[in-house]
Amino acid sequence: MAKIWVRQAVLKALDDAMKDDPAVIVMGEDVAAAGGPFKVTEGLLAAHGPQRVIDTPISEMGFLGAAVGAAVCGLKPVVEMMFIEFIGVALDQLTTQAATMRYLSRGRLTVPLVVRASAGAGQGFGCQHSQMLDHWFRGTPGLKLAVTSNARTTYGILRSAIEDPDPVVALEPRILYSEREEFDVDPGYRIPLGQAEIVKPGTDATLIACGAMVRVAQEAAANSRANIEVIDLLTLWPWDRTTVAESVARTGRLITVEESPASSGWGADVVSSVAVEQFGKLKAAPHRITLPDAPVPYSGTLEARYLPNASYVAEQVDALVSTNQPPMPWWRKAA
10 MAKIWVRQAV
20 LKALDDAMKD
30 DPAVIVMGED
40 VAAAGGPFKV
50 TEGLLAAHGP
60 QRVIDTPISE
70 MGFLGAAVGA
80 AVCGLKPVVE
90 MMFIEFIGVA
100 LDQLTTQAAT
110 MRYLSRGRLT
120 VPLVVRASAG
130 AGQGFGCQHS
140 QMLDHWFRGT
150 PGLKLAVTSN
160 ARTTYGILRS
170 AIEDPDPVVA
180 LEPRILYSER
190 EEFDVDPGYR
200 IPLGQAEIVK
210 PGTDATLIAC
220 GAMVRVAQEA
230 AANSRANIEV
240 IDLLTLWPWD
250 RTTVAESVAR
260 TGRLITVEES
270 PASSGWGADV
280 VSSVAVEQFG
290 KLKAAPHRIT
300 LPDAPVPYSG
310 TLEARYLPNA
320 SYVAEQVDAL
330 VSTNQPPMPW
340 WRKAA
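Under my numbering, think of the first position of the sequence shown as 10, with each following residue one higher.
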């Protein structure tokens, strides 16, 4: 079985989709001639030509709006946002226009649009280029949101997203681009949107993560004194309520590990749902492991402290399982 990098999985997913469907086009800043700022579109211009691999001006509002129009007219644009923060000037095109088009047209029009973006911290890009910002998209009717976690899920999620008739945002933690894993790419491989995966079974607690935090959760589970079940949520909107509910019913405890500030993380919705629907099966109050409500630091030392790591997550998990009381986060202890 071959080992491939996550960035190669992105490239392979795009290339295979373009080979399978001539309606698929790729748009974004430096995606064509330069092969992408993270080299995830390298070679696509030579393989598919400038009509399908399009370098855009530095105008996210303009090229995302053009992509929405192209999608309504029958193409399947895959738009790259170099950093997820850059979509801020084009949220209207995505959340007000693309996401509502099916509803406003009584189903006569669809927007088969994918917005890919690098996201997340861990590489010293500073607070304006290191956020996940999933809260900008979660809960928007008509819009789906996924976060990839390794080469296999990257390929499977992107192929499903490109084939979806409605707009999808796919966040790719850039810290994972250089991660490798064994994965023989099958052009028919798909991961359905809205479906989570149990990556490690367990009995004492359910630990849910997505993106770069999946690896952290797996390492924490391996170092924990408890038998922890780890779930890769994969799709944050709509998220897989069934898999989560069934897992919590078995373990009786729920913990989320999120690369999101406490006040805006996806875990709040998960915890709320479980607390209402699984209350009688819980052995302890649900617990969220999050970032503090502060900007991502630029300093490498501070950034490493800011992000949840495996030893900290294992410590938090063990405290919850042993006492059935949610432990305090590190920044409140320090205060």
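Idealized CB from N, CA, C, for every residue including glycine.
Inter-residue CB distance, residue i and residue j (contact presumed, cutoff 8 Å)
i, j, result
"Val15", "Val87", "So it is not a contact: roughly 16 Å between Cβ atoms."
"Gly274", "Arg297", "7 Å"
"Asp25", "Pro174", "Wrong, their Cβ atoms sit about 19 Å apart, outside the cutoff."
"Ser127", "Ile93", "7 Å"
"Gly83", "Tyr112", "19 Å between Cβ atoms; not a contact."
"Ile184", "Ala218", "14 Å between Cβ atoms; not a contact."
"Tyr186", "Phe47", "6 Å"
"Val120", "Val178", "Actually they are not in contact, since the Cβ atoms of Val120 and Val178 sit about 12 Å apart, beyond 8 Å."
"Met36", "Ala76", "6 Å"
"Lys85", "Asp29", "Not really, about 11 Å apart at Cβ, beyond 8 Å."
"Pro317", "Val225", "6 Å"
"Pro176", "Leu122", "4 Å"
"Ala18", "Tyr164", "4 Å"
Bridge-paired residues (DSSP) for residue i
i, result
"Gly37", "Asp64, Glu89"
"Arg125", "Glu89, Ala179"
"Asp347", "This structure gives no information on residue 347, because the portion of the chain shown stretches from 10 to 344."
"Lys153", "Val177"
"Glu191", "Lys12"
"Val266", "Ile298"
"Asp246", "First, the residue type needs correcting, since residue 246 is Trp and not Asp in the sequence shown. For Trp246, which the question treats as bridged, DSSP gives the partners Leu154."
Beta-carbon proximity check, residue i vs residue j, cutoff 8 Å
i, j, result
"Val223", "Ala230", "no"
"Ile89", "Val40", "For the record, residue 89 in the displayed sequence is Glu; it is not Ile. Yes."
"Pro182", "Gly135", "no"
"Val326", "Ala254", "no"
"Met141", "Val98", "no"
"Val280", "Thr265", "yes"
"Glu312", "Gly133", "yes"
"Glu191", "Ala22", "no"
"Ala205", "Thr149", "no"
"Ala328", "Pro338", "no"
"Leu20", "Val49", "yes"
"Gln334", "Ala271", "no"
"Leu243", "Ile171", "no"
"Arg168", "Arg199", "yes"
"Pro247", "Gly289", "no"
"Glu51", "Gly44", "yes"
"Asp241", "Val208", "yes"
"Val330", "Ser139", "no"
"Leu245", "Leu100", "no"
Residue i, enclosing alpha helix (DSSP H) - first and last residue
i, result
"Glu255", "250–260"
"His57", "53–57"
"Val388", "The question about residue 388 has no answer here: the residues shown for the chain are numbered 10 through 344."
"Ile184", "From DSSP, Ile184 is part of no alpha helix (DSSP H); its letter is neither H nor E."
"Phe72", "69–81"
"Met110", "110–113"
"Leu167", "160–172"
"Ala313", "309–315"
Heavy atom of the ligand HEM within 7 Å of residue i beta-carbon
i, result
"Phe47", "What this structure holds is no ligand at all, so the ligand HEM is not there to describe."
Limits of the beta strand (DSSP E) - the one that residue i falls within
i, result
"Val279", "It is not in any beta strand (DSSP E) - Val279 instead sits in the alpha helix (DSSP H) that spans 276–286."
"Lys21", "Where Lys21 is concerned, there is no enclosing beta strand (DSSP E), although the alpha helix (DSSP H) it sits in stretches over 15–29."
Using 8 Å as the cut-off, can you tell me whether the segment 312–326 makes contact with the segment 141–156, which would need three or more C-beta pairs spanning the two stretches below that distance?
no
So, do the segment 92–105 and the segment 50–59 have three or more beta carbon pairs nearer to each other than 8 Å?
no
Would you say the segment 281–300 touches the segment 160–179, given that touching needs at least three Cβ pairs under 8 Å?
no
Would the segment 206–223 and the segment 248–267 be scored as touching if the rule is three or more Cβ pairs under 8 Å?
yes
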